[in-house]
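Following the numbering used here, the numbering of the sequence shown begins with 1 at its first residue and continues without gaps.
Quick reminder that beta carbons are idealized off the backbone N, C-alpha and C, glycines included.
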Amino acid sequence: MSAKFHIHAGMLKHLRLMWDNQISTRPTKSIVRESFFNTMGASIVDSVFIEGFGGCGSMGIEALSRGAKEAVFYEINKKAYHILSQNLALAQKRVPTLKFSAYNADFFTQSFQKWAAQHIILYLDPPFCTREGMNDIYERLFVMIEKLQESAYFIVFEHWSEYNMPDIIGAYTKLKMRQFGKSTLTYYTLKD
């Protein structure tokens, strides 16, 4: 069964997109999306927005709508990837010049060298660590981030609020946190 959500602002404002409430991926809550984009502000413009766990594409498509130069999506679940592809087609139908890439792939096997010289914002919304088989998901991401060697300008985690996020991950330091019930956004930026 499909449900709908919409883009809040920018050139795709009010575009209605879909997600399947029968699978485990879901769009980021509206209040979380608004807070993230209000916090990031003009940093989104001309960025390469990488959504590591793309789901239905709610964050990356909103980033494109608000001026990101390019969006990159990784989604391992085939059903979710199919919905993501449909949502990207809807967005591109409205704005044919949108630039994006979507991969039905495991985010942990990816390299960001293609975008290394770009202004990268990496958005990570993995399955909560309380899910079966996901108890080490955040630690695996920390190891991956330590290997990035300053490839991203900002890294933002949407995570389970009870998880204690570290102050430093490799070359990145915690900038701020914002809690929304069971979900929290934690922002990291390059250390000075």
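At the C-beta level, V48 and I120 come within 8 Å of one another. By the CB criterion at 8 Å, S58 and R178 fall outside the cutoff. Just measuring C-alpha positions, the residue of Q113, Q86, F157, A116 sitting nearest A102 is Q86. One thing to note: T186 has its Cβ within 8 Å of the Cβ of F157. Taking the Cβ atoms as the reference, A80 lies roughly 29 Å from G41, outside the contact range of under 8 Å. Under the DSSP assignment, Q92 falls outside any beta strand (DSSP E), being part of the alpha helix (DSSP H) whose first and last residues are 78–94. Check the Cα spacing between K99 and each of F37, L88, K174: the tightest is with L88. For S161, the three-state secondary structure derived from DSSP is coil.
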